[in-house]
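Just so you know, we're using our numbering here: the first sequence kicks off at 15 and counts up by one. Step one of this worksheet: look at the structure below.
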Amino acid sequence: MAKLKAPRGTQDILAQDARHWQLIESTASKIFQAAGFNEIRSPIFESTELFSRSVGEDSDIVNKEMYTFTDRSDRSLTLRPEATASIVRAYIEHALDRQGLPQKLWYRGPMFRYERPQTGRYRQFHQIGIEAIGAEAGQIDLEVIQLGITLLEQLGLGDLILYINTLGNQASRQAYTQALKDFLGSVQEDVCEDCQRRYEQNPLRALDCKVPADQEIYQGAPSIHDYLDDESKEIWQQTLAGLEKLEIKYKIDPKLVRGLDYYSHCVFEIKSTSKELGAQNTVLAGGRYDKLIEDLGGKTTPAVGWALGIERLASLIPAAGLDGGLFIISDDALAAQLLACKLRQDNKQELQVDFDYNASKFNKQLERAVKRGYDWALFYMSDERESGKYKIKNLRKSVEHEDLSYQDLVKILSP
RNA sequence: GCAGGUAUGGCCAAGUGGUUAAGGCUCCGGAUUGUGGUUCCGGCAUUCGUGGGUUCGAGUCCCAUUACCUGCCCCA
């Protein structure tokens, strides 16, 4: 009989990793709340149409990466490959604009893409993201980027680089796309097959091509920065000036474009230089999507946001030590259990209290307490049980307290 | 979807056609010390991802398949 395994591209998040996830999620939620962002939870599956309209009929995500299925009533549904479309759908559906603009929202949860798994790439992966809907270009972009940076910094991550670029407003982007297409058309013969395809499907992406020979050719490609109109230029300069003021380091990458169709103005990615992530080194990415809301049937509304990959982030967080706790050493597991329960009831600080369920040898229990990183060992052998006095030892500082009453014990444990 | 690599216990691994598949870590049990990671003893793979084949004989060779890894497409 074949062994049961988690499906391809999925994984179990076990204790150590789960701690990292908790840290990421709790840090994010605090930072977002402080910035006035509210959490929004949307369904994990949506009508397939939502994604074909938002992400783009021609995109790879829609064409070959969606988990699409038909339910018992013949509805075509899709496990969400990303969340922005859902958030915008909810925004329109519930007329959130009536609650005042901008709507500042954040989300977290699983996303699904049928891709070839690799390091930092899974079929079920998890994102945390923020969306600010209803703020004009330049009004909130800086805040949005700053929140991303702050989150990563608070998580203690180094080796990160912010890459930023602008695509300009619709007019600028269109003018540029045309110029780029003309250019790409003139070099069609010389570039790789992928780029020949991109000429039709997604000309902006050609600039990102990994083939060295192509990169050489694209040295001569027109730059978006020569096609920005005055408005776009001003907004762009403003954003950069803000980054300077906040002392956020960045690199302008004129070749940075986002894969999804609906972006305009500023786009950005934060990449890690760590080896952990291999080729999937983008930790956080986002940009402005002023056209998406109307594409999905809402009023024309500007918006900006980003998403980060929790798996990628978690793999960068340094291993954390255990955080204290008390281990009861006893030759009577039942007595130890009763004491543990009582301490948990009375301990408002939520100090971790545990014991050895097997009532192993004294030394073994002590060894376990030390190995597992507990701060305190409580000796609860027959002597102590009979006397009703408690004896604990701080395993980190080698300090002992003897002859403690239960009240004293609780007091010491909750400083 | 394309190209390449790898697969031996919970983890790290030795092993390159010949009897019972090293070793280390972890885990479990025991002995010794009633107070720090000690030392000693014992236990933990009828089996080498899975399925076929070659052979007197396969973890070792061949084929297929699956999973993982690396890169491409794309992307967090």
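Beta carbons: idealized from backbone N, C-alpha and C, even for Gly.
Euclidean distance between Cα positions of residue i and residue j
i              : j                : result
leucine 353    : alanine 29       : 25 Å
methionine 15  : glutamine 138    : With a pLDDT of 44 at methionine 15, under the threshold of 50, the modelled position of this residue cannot be trusted, and the question is left open.
leucine 365    : alanine 347      : 20 Å
lysine 407     : arginine 94      : 52 Å
arginine 211   : alanine 49       : 42 Å
arginine 386   : phenylalanine 65 : 47 Å
glycine 143    : valine 281       : 15 Å
valine 76      : lysine 19        : 27 Å
lysine 289     : arginine 219     : 25 Å
serine 419     : glycine 256      : 59 Å
glycine 311    : isoleucine 147   : 15 Å
serine 73      : tryptophan 250   : 27 Å
glutamate 433  : glycine 301      : No statement about residue 433 is possible, as the shown extent of the chain runs from 15 to 429 and does not include it.
lysine 285     : aspartate 88     : 42 Å
leucine 409    : lysine 403       : 19 Å
leucine 221    : tyrosine 388     : 54 Å
glutamine 113  : glycine 70       : 29 Å
serine 90      : tyrosine 105     : 22 Å
threonine 287  : glutamine 351    : 48 Å
isoleucine 342 : lysine 224       : 59 Å
isoleucine 175 : glutamate 207    : 31 Å
cysteine 209   : arginine 272     : 16 Å
threonine 98   : isoleucine 262   : 26 Å
lysine 313     : histidine 108    : 13 Å
glutamate 53   : leucine 110      : 13 Å
lysine 411     : proline 316      : 57 Å
Test item: CB-CB of residue i and residue j under 8 Å
i              : j              : result
tyrosine 121   : arginine 55    : yes
serine 68      : valine 102     : yes
glutamine 233  : glycine 134    : no
leucine 181    : proline 236    : no
tryptophan 35  : alanine 328    : yes
aspartate 368  : glycine 339    : yes
tyrosine 391   : alanine 383    : The question names tyrosine, but residue 391 in the sequence shown is alanine. Yes, Cβ-Cβ distance for alanine 391 and alanine 383 is below 8 Å.
tryptophan 320 : leucine 298    : yes
serine 428     : methionine 395 : no
glutamine 252  : glycine 172    : no
Contact set for residue i: own chain, Cβ-Cβ below 8 Å, skip 5 residues either direction
i                : result
isoleucine 45    : Leu161, Thr164, Leu165 and Gln168
isoleucine 38    : Ile142, Leu169, Ile324, Leu327, Ala328 and Ile331
aspartate 31     : Ala328
phenylalanine 59 : Leu91, Thr92, Leu93 and Arg94
proline 57       : Arg94 and Ser100
isoleucine 426   : Ile406, His415 and Leu418
valine 424       : Leu357, Asp360 and Asn361
alanine 42       : Trp120, Arg122, Ile142 and Leu165
asparagine 179   : Ile238, Ile266, Asp267, Pro268, Lys269, Leu270, Val271, Cys280, Val281 and Phe282
Cβ neighbours of residue i in the same chain (closer than 6 Å, five flanking residues each side left out)
i             : result
tyrosine 177  : Lys265, Asp267, Leu270 and Glu283
glycine 23    : Pro131, Tyr136 and Arg137
lysine 405    : Phe393, Glu398 and Glu416
histidine 140 : Pro124 and Ile324
aspartate 370 : Gln379
lysine 118    : Gly50, Phe51 and Ala146
leucine 115   : Gly148
aspartate 276 : Here the sequence assigns tyrosine to residue 276, which means aspartate is not the residue at that position. Taken in chain order, the residues that qualify are Tyr303, Lys305 and Leu306.
Other residues of its chain near residue i: CB distance less than 7 Å, five sequence neighbours each side excluded
i             : result
proline 217   : Thr191, Leu194, Lys195 and Leu198
tyrosine 241  : Gly182, Ser186, Ala189, Tyr190 and Ala193
methionine 80 : Phe65, Thr92, Pro95 and Tyr128
valine 205    : Asp228 and Ile231
isoleucine 27 : Trp35
Whole runs of the beta strand (DSSP E) within the stretch 304-382, excluding any shorter than 3 residues = Note on the stretch 304-382: whole beta strand (DSSP E) runs with a minimum of 3 residues are 317-323, 340-343 and 367-369, in chain order.
message = Taking contact to mean 3 or more Cβ pairs, one atom from each stretch, closer than 8 Å, check whether the stretch 351-371 and the stretch 291-310 are in contact.
response = Contact between the stretch 351-371 and the stretch 291-310 is absent, because fewer than three Cβ pairs lie under 8 Å.
inquiry  = With a threshold of 8 Å, are at least 3 pairs of Cβ atoms found where one atom belongs to the stretch 227-238 and the other to the stretch 193-205?
reply    = By the criterion of at least three beta-carbon pairs nearer than 8 Å, the stretch 227-238 is in contact with the stretch 193-205.
ask   = Can at least three beta-carbon pairs, one atom from the stretch 240-250 and one from the stretch 182-197, be found at a separation below 8 Å?
value = Touching, yes.
Sequence ranges, beta strand (DSSP E) only - wholly within the stretch 94-129, length at least 3 = For the stretch 94-129, the continuous beta strand (DSSP E) assignments of 3+ residues that do not extend past its boundaries occur at 117-126, in sequence order.
key: Inter-stretch contact (C-beta, 8 Å, three-pair minimum) for the stretch 79-93 and the stretch 150-161   = Because the criterion of three Cβ pairs below 8 Å is not met, the stretch 79-93 and the stretch 150-161 do not touch.
message = List, from N- to C-terminal side, the beta strand (DSSP E) runs of 3 residues or more that fit wholly inside the stretch 254-289.
response = Listed in chain order, they are 278-286.
message = Going residue by residue through the stretch 226-256, where are the continuous alpha helix (DSSP H) segments of at least 4 residues, counting only ones entirely within it?
response = Listed in chain order, the complete alpha helix (DSSP H) runs (minimum 4 residues) inside the stretch 226-256 are 226-232.
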